[in-house]
Amino acid sequence: MPPQDLGRKSLLVLVSTWGGTALGMLVSLLIARLLGPTALGGIGWSLGAAGLCMAALLPGFAQAHLKRLAEGQDAGRCLGTMAVIQLALTGALLAAVATGWVLGGAGGASELGLVFVFVLASQVSGNFADMFLKVFLAREWIVGYSAITLGARVTRLLVTLAVLLWAPSVTAVAATFPLEGILSCAAAATLLARQHGVRATRPTRESLRGYWTYARPFMVTTPLALVQDSVDRFLVGHWAGLAAAGHYHVARALWEALSSVIAALATFIFTRLSALFATRSAAGDAEARRFFWGALDKLLFLVIPLAFVLWAGAEAVVTLLYGAQFHPAVAALRILVLAAVAAAVVNPYTHVVYALDEGARFVPVNLLRVVAYLAALSVLIPESPVAAWAVGHAAGLWTGPAGAAAARLFLILFPAWVYFRWTRDLAGMPLSPRAWIYLAGFALLLAVHHGLEWALSSLGALPVSPLLSWPLPAAAALGVYLLLLLSAHGGTRDNLTYALSLLSPRRFREFIVTGFRRT
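So for the sequence shown, my numbering puts the first residue at 6; every next one is plus one.
See the structure below:
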């Protein structure tokens, strides 16, 4: 494989993910503009509640699916195995939700209840689509993957736009959400069969046992992770109200756009390391270390300036996209930017542990983390009963969305040092010294930017509008940051050359054309 194939594949996944995220943000923007913060908050609350329900689907099997595919096992057998598992779990979930709905006396469904049902349906359909899409990721058929995901998202956007124009209501908008998963599932299954000759085949006892063996620790860790991912949305809406949930939803949407940079490359870190660690050897471990250090370095090289630009322009981005009424989202967004920077360092190391089939190590750690996270949310969301009792009048110094964002940052950092020790002991991969250079560079970016902003404002040399006041100090800070990297990191010039070469239109066009060929 050409050395830059992984870079181009990561870039294409990133473009498709960002494209999908941008379209999702556009949907949020349209809802916010046309229906207001309360409607957006209702969708945000429903996403959180549906995410909590989805924990029952035991998504550790999805990770096992990607792992077995990455190891080179038969794709048809893997699809059949995952289909049986997914159908059984989904049936149990829907039966439980229906029972709760009836016992809860929700026969005459409220508007919020219907929104929840449609959001849950969208996540269920997305899970079935993901079963097929993971084959594309594991086999690195990224062109088809990107075409499917973007095509389904664009179609859903057009349908949502039509609903907003002709029958604007939050329930009708939510009813369009399942369409994306349904289209992705149908398109992925068709393309796999026709272009790659991959069709689901009957699972065997061995394949089911193989999935179960890998997924068993995830029976605990992944539901906890889903709770951690959704409970902040739910509690902000529950304690601070739907308007605050709408503000937090905006901050999380922008944060997820930045986090997708990490997810794109982290997926290939996991699949490549899974293949390299499938049969352990000294040579294979050495190759895995070289690959990991290079991938982590390039990830941080990309994420740090992107995170800084989002931090510096947070007020302008939120105001321009969503309007002045969403200004309370700015503080939460900036705290979530810090969380994204922390995740860029921490998350790749967790993928090393998973690639080594050592996921059981996360069980006691994640049990501790979820308790600590709930405690942090209870203290940091000022409208919570615990915060009102513990901090009293000081709670008015920050908002519910900002408190939830601070708890998210805490969750990523606690206990990251344990992961670094595991990877050092298991694979000779301690925390990279270059990570400290990038983190110091990010701190320098913030210091230079805000220092210049304050100095120029004092002299009256900056526009009064926050929409126009940030680019000049930000550009100067980026220049200082580049000088730091050139002096402290010997691979900076190579990273710059590599990044520019990935953007070659001719080579990228050839890459796209090759991706559509039959295998």
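Glycine included, C-beta positions come from ideal geometry on N, C-alpha and C. Every value quoted in this text rests on a predicted model; they were computed, and no experiment measured them.
key: Distance, Ala44 Cα to Ala177 Cα   = Translated into the one-based positions of the sequence shown, residue 177 becomes position 172. Translated into the one-based positions of the sequence shown, residue 44 becomes position 39. Annotation: Ala177 to Ala44 spans about 12 Å, alpha carbon to alpha carbon.
key: Coil, strand or helix - Met30 by DSSP   = Numbered from its first residue, the sequence shown carries residue 30 at position 25. Correct three-state label for Met30: helix.
query = Skipping 5 residues on each side, what residues in its chain have a beta carbon closer than 8 Å to that of Val346?
reply = As a working mapping, residue 346 is identified with position 341 in the sequence shown. So the qualifying residues of the chain are Val308, Ile309, Ala312, Leu444, Phe447.
query = Once you ignore the five residues that flank Ile153 on each side, which residues in its own chain have a CB closer than 6 Å to its CB?
reply = Locating residue 153 in the sequence shown gives position 148, counting from the first residue. Ser189, Ala192, Ala193.
query = Candidates Ala250, Thr218, Ser265, Trp459: which alpha carbon is nearest Trp23's?
reply = For this step, residue 23 is matched to residue 18 along the sequence shown. Nearest in C-alpha terms to Trp23, of all of Ala250, Thr218, Ser265, Trp459, is Ser265.
query = Looking at C-alpha atoms only, which residue of Ala27, Ala97, Gln68, Leu94 is the closest neighbour of Val358?
reply = Working through the sequence shown from its first residue, we reach residue 358 at position 353. Answer by Cα proximity: Gln68.
ask   = Where are the alpha helix (DSSP H) runs, 4 residues long or more, that stay fully inside the segment 180-237, in chain order?
value = For the segment 180-237, the continuous alpha helix (DSSP H) assignments of 4+ residues that do not extend past its boundaries occur at 183-201, 210-220, in sequence order.
Straight-line Cα distance separating Phe137 from Ala198 = On the sequence shown, residue 198 is found 193 positions in, with the first residue counted as 1. On the sequence shown, residue 137 is found 132 positions in, with the first residue counted as 1. Roughly 11 Å between the two C-alpha positions.
query = Is the CB-CB distance between Met59 and Leu98 below 9 Å?
reply = Looking up residue 59 in the sequence shown gives position 54. Looking up residue 98 in the sequence shown gives position 93. Contact: yes.
Unbroken stretches of the alpha helix (DSSP H), 4 residues or longer, contained in the segment 21-99 = As far as the segment 21-99 is concerned, its whole alpha helix (DSSP H) runs of at least 4 residues are 42-59, 65-75.
query = When you compare only the Cα positions, how much space is there between Val159 and Arg214?
reply = Within the sequence shown, the letter at position 154 stands for residue 159. Within the sequence shown, the letter at position 209 stands for residue 214. Spanning the two alpha carbons is a distance of roughly 38 Å.
message = Just to confirm the assignment, what range does the alpha helix (DSSP H) spanning Ile340 have?
response = If you number the sequence shown from 1, residue 340 lands on position 335. From DSSP, the alpha helix (DSSP H) with Ile340 extends over 334-360.
ask   = So does the segment 507-521 actually touch the segment 485-495, counting three or more Cβ pairs closer than 8 Å?
value = Taking 8 Å as the limit for Cβ pairs, the verdict is that the segment 485-495 does not touch the segment 507-521.
request  = Could you pull out every residue in the same chain whose Cβ sits closer than 6 Å to the Cβ of Ser21, ignoring the five residues on either side in sequence?
outcome  = Walking along the sequence shown from the start, residue 21 turns up at place 16. The beta carbon of Ser21 sits closer than 6 Å to those of Ser151, Thr154, Leu155, all from its chain and outside the five residues before and after it, given in chain order.
ask   = How many whole angstroms separate the CB atoms of Phe275 and Ala360, which I take to be in contact at a CB cut-off of 8 Å?
value = If you number the sequence shown from 1, residue 275 lands on position 270. If you number the sequence shown from 1, residue 360 lands on position 355. Sure, about 6 Å apart at Cβ, within 8 Å.
query = Whose C-beta lies closer than 8 Å to the C-beta of Arg514 among residues of the same chain, with five residues either side of it excluded?
reply = Within the sequence shown, residue 514 is the residue found at index 509, counting from 1. Once the five neighbours on either side are set aside, Arg514 has no close Cβ partner at all.
key: Alpha-carbon to alpha-carbon, Ala380 and Leu305   = In the sequence shown, the residue the question calls residue 305 occupies position 300. In the sequence shown, the residue the question calls residue 380 occupies position 375. In this structure, the CA atom of Leu305 is about 31 Å from the CA atom of Ala380.
query = For Arg13, does the count of other Cβ atoms within 10 angstroms reach 16, so buried, or fall short, so exposed?
reply = As a working mapping, residue 13 is identified with position 8 in the sequence shown. Arg13 is buried by the Cβ-count criterion.
query = Trp171 lies in the alpha helix (DSSP H); which residues open and close that run?
reply = Translated into the one-based positions of the sequence shown, residue 171 becomes position 166. From DSSP, the alpha helix (DSSP H) with Trp171 extends over 147-171.
task = Starting from Glu261, trace the alpha helix (DSSP H) both ways and give me its first and last residue.
result = Within the sequence shown, the letter at position 256 stands for residue 261. Taken as a continuous stretch (DSSP letters only), the alpha helix (DSSP H) holding Glu261 covers 247-282.
ask   = Exposed or buried, which one is Ala317 when buried takes at least 16 other CB atoms within 10 Å?
value = Counting from one through the sequence shown, the residue named residue 317 turns up at place 312. Burial check for Ala317: the Cβ neighbour count within 10 Å reaches 16 or more, so the residue is buried.
Span of the alpha helix (DSSP H) around Thr324 = Within the sequence shown, residue 324 is the residue found at index 319, counting from 1. Run containing Thr324: 319-327, per the alpha helix (DSSP H) assignment.
request  = Name the two residues that bound the continuous alpha helix (DSSP H) containing Gly118.
outcome  = Position 113 of the sequence shown, counting from 1, holds the residue named residue 118. Residues 116-143.
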